[in-house]
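Have a look at the structure below before the remarks.
Written out as structure tokens, the structure reads:
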């Protein structure tokens, strides 16, 4: 699914925005499918994919994602520490 399609669907049906919740640089985004690519994360975050994407895990360990890498998501919003992404 494209980022534009997700944003368009969310605009029409805010309650149907997907079971997956992403924290990208402090902004919460809803995602409808269980995978997302590095490029989709950067597009949702509003920066060019060439800047890179860093995944920050629950223990605050950082890992740079490769271009085209697919990330498996877990449904639901967690409280406290959570996986998040930021620009590289």
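In the numbering used here, the protein residues as written are -10 to 77.
Glycine is no exception: its CB is placed at the ideal position from the N, C-alpha and C atoms.
inquiry  = Runs of 3 residues minimum, wholly inside the stretch 1 to 56: which ones carry the beta strand (DSSP E) assignment?
reply    = The qualifying runs are 9 to 13, 16 to 20, 24 to 26, 42 to 45 and 51 to 54.
inquiry  = Just to confirm my understanding: we take residue 11, look at its own chain, exclude 5 residues before and 5 after, and list those with CB closer than 6 Å. What are they?
reply    = Within the chain shown, numbered from 1, the residue matching residue 11 stands at position 22. Contacts found: 18 and 20.
query = Between 47, -7 and 42, which lies nearest to residue 26 when the distance is taken from Cα to Cα?
reply = Counting from one through the chain shown, the residue named residue 26 turns up at place 37. Closest option to residue 26, Cα to Cα, is 42.
ask   = Alpha carbon to alpha carbon, what distance is there between residue 8 and residue 54?
value = The residue given as residue 54 occupies position 65 in the chain shown. The residue given as residue 8 occupies position 19 in the chain shown. Going by the C-alpha atoms only, they are around 23 Å apart.
query = Roughly how many angstroms lie between the CA atoms of residue 48 and residue 22, to the nearest whole one?
reply = By one-based count along the chain shown, residue 48 stands at place 59. By one-based count along the chain shown, residue 22 stands at place 33. In a straight line, the C-alpha of residue 48 is about 25 Å away from that of residue 22.
ask   = By Cβ distance, which residues of its chain are closer than 6 Å to residue 29, with the 5 residues on each side in sequence left out?
value = In the chain shown, residue 29 corresponds to position 40, counting from 1. Closer than 6 Å at the Cβ level, and outside the excluded window around residue 29, lie -8.
message = Here's a check: name, in chain order, each residue in its chain whose Cβ is nearer than 7 Å to the Cβ of residue 36, leaving out the five neighbours to either side.
response = Taking the first residue of the chain shown as position 1, residue 36 is located at position 47. Sequence-distant partners of residue 36 (beyond 5 residues in either direction) whose C-beta falls short of 7 Å from its own C-beta, in its chain, are 76.
request  = Run the CB neighbour count on residue 33, radius 10 Å, all protein chains shown included, and call it buried at 16 or more, exposed below.
outcome  = Along the chain shown, one-based indexing puts residue 33 at 44. Buried is the call here.
inquiry  = Just verifying my parser: in three-state terms, what is the DSSP assignment at residue -8?
reply    = Position 3 of the chain shown holds residue -8. Per DSSP, reduced to three states, the secondary structure at residue -8 is helical.
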